[in-house]
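Student: Before anything else, here's the structure in question.
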Amino acid sequence: MHRSTIWSLSMSRSAADWSSVAKAPGETAMTGEAASPALLKDILGPPALETIADAGEAASPRFDRAAFMRAAADGLDALSIMERVRHIASALHTALPQNYPDALHIVRAMGPRLTHGFQAMAVTEYVARYGLDDFDRSMDALADLTRFGSAEFAIRPFLAADTPRALATMMRWTGSADEHVRRLASEGARPRLPWAARVPALKADPTLAASILETLKADSSLYVRKSVANHLNDIAKDRPDWLLDRLADWPQDDPRTIWIVRHALRTLIKQGEPRALALIGVGHGAAVNVRSFAIAPETVRLGDRISIAVELASDSRERQPLVVDYRIHYARAGGKTAPKVFKFKTFDLAAGEVIALAISQTIRDFSTRRHHPGRHRIELIVNGQTMAEAAFDLLPG
187 MHRSTIWSLS
197 MSRSAADWSS
207 VAKAPGETAM
217 TGEAASPALL
227 KDILGPPALE
237 TIADAGEAAS
247 PRFDRAAFMR
257 AAADGLDALS
267 IMERVRHIAS
277 ALHTALPQNY
287 PDALHIVRAM
297 GPRLTHGFQA
307 MAVTEYVARY
317 GLDDFDRSMD
327 ALADLTRFGS
337 AEFAIRPFLA
347 ADTPRALATM
357 MRWTGSADEH
367 VRRLASEGAR
377 PRLPWAARVP
387 ALKADPTLAA
397 SILETLKADS
407 SLYVRKSVAN
417 HLNDIAKDRP
427 DWLLDRLADW
437 PQDDPRTIWI
447 VRHALRTLIK
457 QGEPRALALI
467 GVGHGAAVNV
477 RSFAIAPETV
487 RLGDRISIAV
497 ELASDSRERQ
507 PLVVDYRIHY
517 ARAGGKTAPK
527 VFKFKTFDLA
537 AGEVIALAIS
547 QTIRDFSTRR
557 HHPGRHRIEL
567 IVNGQTMAEA
577 AFDLLPG
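Here you go:
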């Protein structure tokens with residue numbers, strides 16, 4: 187028997203379901219896990235308004251700084267982060283020339299002078315709000331501005347207004363030398379793009395951007411590949427059979443494509459879908475023995491941390507790939523439960539090997555999940571099959 191292997195992870199809550207925001211030059215990448223909503227709101231506070239005003243003033247003497255600052259500051263405190271994005275776009279409209287091509291020239295010149303992705307998002311929102319009647323010029327501007335802060339949200343009105351025309355433009359972007367533009371081709375057309383307005387045509391047929399994804403399936407940029415995988419994962423939630431059929435035809439000799447496939451299938455893998463597991467070389471079920479599966483402590487209050495420990499022993503004479511997840515059945519009112527699957531570990535288990543896995547998770551409320559007192563059952567899932575169960579009780583108060 188091989189010596190026991192220990193693997194552990196301290197885990198905060200799973201990332202909120204929202205899209206990554208492209209970072210401006212020199213900016214630290216930020217995700218929904220990195221900041222609370224209050225901190226996100228402050229990103230577009232008074233200092234950001236000054237930076238945007240500086241950018242406009244430097245771009246053109248026709249930019250009315252005083253008008254912008256007056257309009258942008260009015261009522262800002264009460265607004266959420268995305269409300270501030272739209273509010274600042276409206277303020278830009280008061281400060282820019284009323285002739286849209288002239289204003290767009292200034293807006294494009296502002297991009298390199300911005301210092302944070304959310305500032306650029308506010309600028310691209312101006313294009314989304316006031317540029318629909320100048321379709322091609324506005325789309326070109328979004329491809330330019332996406333380098334400074336992702337234009338994935340600003341492109342949605344153009345997709346909704348003329349889906350074929352917008353997708354044709356985005357298909358051309360897949361040939362861009364700039365990874366930000368290539369990513370926008372995929373990210374902007376996601377059927378379930380977090381925080382973004384739904385596009386009716388994509389809601390009706392989430393596969394409309396398939397040619398874009400095919401073109402980018404072996405992209406050299408991880409930034410782009412992540413978007414392609416997320417886009418495909420969106421499709422998995424509505425058209426799983428289509429996705430499985432399509433990915434089965436993708437070549438498996440390029441590590442970049444293999445990476446996309448694995449991440450695109452994450453929802454279906456968590457569901458234990460046999461075809462999804464097969465596409466990543468994993469059988470449905472595994473020849474393993476669960477020696478122990480325990481939750482500690484077994485009684486907690488909101489804010490406490492639980493630890494989940496498991497010991498697996500191979501019953502196979504051959505090395506076998508394992509995908510180990512766990513599903514928490516969160517207690518709900520009226521005796522109901524709401525299941526959610528979390529990733530534990532994906533690895534190869536040698537013949538006769540024993541492995542100990544450990545993970546911890548804080549039980550706390552988020553905007554996407556509220557906890558209720560009661561018994562919370564946890565399932566251990568190995569290669570799509572439930573192999574053990576344990577539970578903890580959440581006390582009230």
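Numbering (this note's numbering), first residue to last: 187 to 583.
Backbone N, C-alpha and C fix where the C-beta goes; we use that ideal spot for every residue, glycine too.
Only a predicted model underlies this, so the values are computations on that prediction, with no experimental measurement involved.
Compute the distance between the beta-carbons of V309 and L328, then report whether it is under 7 Å.
Tutor: Along the sequence shown, one-based indexing puts residue 309 at 123. Along the sequence shown, one-based indexing puts residue 328 at 142. Taking 7 Å as the Cβ cut-off, V309 and L328 do not qualify as a contacting pair.
Student: Quick check on the burial criterion: 16 or more other C-beta atoms within 10 angstroms. Buried or exposed for F552?
Tutor: By 1-based counting over the sequence shown, the position of residue 552 is 366. Under this definition F552 is an exposed residue.
Student: What is the DSSP secondary structure of S478, reduced to helix, strand or coil?
Tutor: On the sequence shown, residue 478 is found 292 positions in, with the first residue counted as 1. Residue state, collapsed to three classes: strand.
Student: Below 7 Å between beta carbons: does that hold for G570 and H470?
Tutor: Taking the sequence shown and counting its residues from 1, one reaches residue 570 at position 384. Taking the sequence shown and counting its residues from 1, one reaches residue 470 at position 284. Yes, the pair counts as a contact, with Cβ atoms nearer than the cut-off.
Student: Where does the unbroken beta strand (DSSP E) through A590 begin, and where does it stop?
Tutor: As shown, the chain starts at 187 and ends at 583. That puts residue 590 outside it, with no answer to give.
Student: Taking contact to mean 3 or more Cβ pairs, one atom from each stretch, closer than 8 Å, check whether the segment 470 to 490 and the segment 420 to 435 are in contact.
Tutor: no
Student: Which residues in the same chain as A574 place their Cβ atom closer than 7 Å to its Cβ, once the five residues preceding and following it in sequence are excluded?
Tutor: Position 388 of the sequence shown holds residue 574. The answer, listed in chain order, is V476, F479, L566.
Student: Nearest to A537 by CA position, among H515, H562, S500, is which residue?
Tutor: What you label residue 537 is simply residue 351 of the sequence shown in a count that begins at 1. Of the listed residues, the one whose Cα sits closest to A537 is S500.
Student: V414 and L430 look like a contact to me (Cβ under 8 Å); what is the Cβ gap, rounded to whole Å?
Tutor: Here residue 414 refers to the residue found at position 228 when the sequence shown is read from its first residue. Here residue 430 refers to the residue found at position 244 when the sequence shown is read from its first residue. No, V414 and L430 are not in contact; Cβ-Cβ is about 16 Å, not under 8 Å.
Student: In angstroms with no decimal places, state the Cα-to-Cα distance between E539 and L408.
Tutor: Here residue 539 is taken as the residue at index 353 of the sequence shown, counted from 1. Here residue 408 is taken as the residue at index 222 of the sequence shown, counted from 1. Near 33 Å, if we compare the C-alpha coordinates of L408 and E539.
Student: Comparing C-alpha positions only, which one of A371, V486, A346, D322 sits nearest to A337?
Tutor: Residue numbering aside, residue 337 sits at position 151 when the sequence shown is read from its first letter. Residue A371 is the option with its Cα nearest to A337.
Student: To the nearest angstrom, how far is the alpha carbon of D483 from that of L535?
Tutor: Reading the sequence shown from its first residue, position 297 is the one you call residue 483. Reading the sequence shown from its first residue, position 349 is the one you call residue 535. The residue asked about is misnamed: residue 483 is Pro in this sequence, not Asp. P483 and L535: Cα-Cα distance of roughly 28 Å.
Student: In the DSSP assignment, find the unbroken beta strand (DSSP E) run with D579 in it and report its ends.
Tutor: Translated into the one-based positions of the sequence shown, residue 579 becomes position 393. It spans 571 to 580 - the beta strand (DSSP E) in which D579 sits, taken as one unbroken run.
Student: According to DSSP, simplified to helix, strand and coil, what is R491?
Tutor: Sequence index remark: in the sequence shown, residue 491 carries index 305 (1-based). Looking at R491 - three-state DSSP - the assignment turns out to be strand.
Student: My parser needs the alpha helix (DSSP H) runs of 4 or more residues fully inside the segment 289 to 361; what are they?
Tutor: 303 to 316, 321 to 331, 342 to 347, 349 to 359
Student: Report all residues from its chain with a CB closer than 7 Å to the CB of D364; omit the five preceding and five following residues, and keep chain order.
Tutor: Numbered from its first residue, the sequence shown carries residue 364 at position 178. Leaving aside the five residues that flank D364 on each side, the residues in its chain whose CB is nearer than 7 Å to its CB run, in chain order, R333.
Student: Label G583 either buried or exposed according to how many other C-beta atoms from any shown protein chain fall within 10 Å of its C-beta, with 16 as the threshold for buried.
Tutor: Reading the sequence shown from its first residue, position 397 is the one you call residue 583. So G583 ends up on the exposed side.
Student: Taking V510 as part of the alpha helix (DSSP H), name the residues at either end of that continuous run.
Tutor: One-based indexing of the sequence shown puts residue 510 at position 324. That residue, V510, is in no alpha helix (DSSP H); its beta strand (DSSP E) goes 506 to 517.
Student: Relative to the C-alpha of S397, which candidate in G361, A390, A258, L465 has its C-alpha closest?
Tutor: By 1-based counting over the sequence shown, the position of residue 397 is 211. Nearest to S397 by alpha-carbon distance, out of G361, A390, A258, L465, is G361.
Student: When you compare the CB positions of D160 and P377, do they come within less than 7 Å of one another, or not?
Tutor: Given that the chain is displayed from residue 187 to residue 583, the structure contains no residue 160 and the question cannot be resolved.
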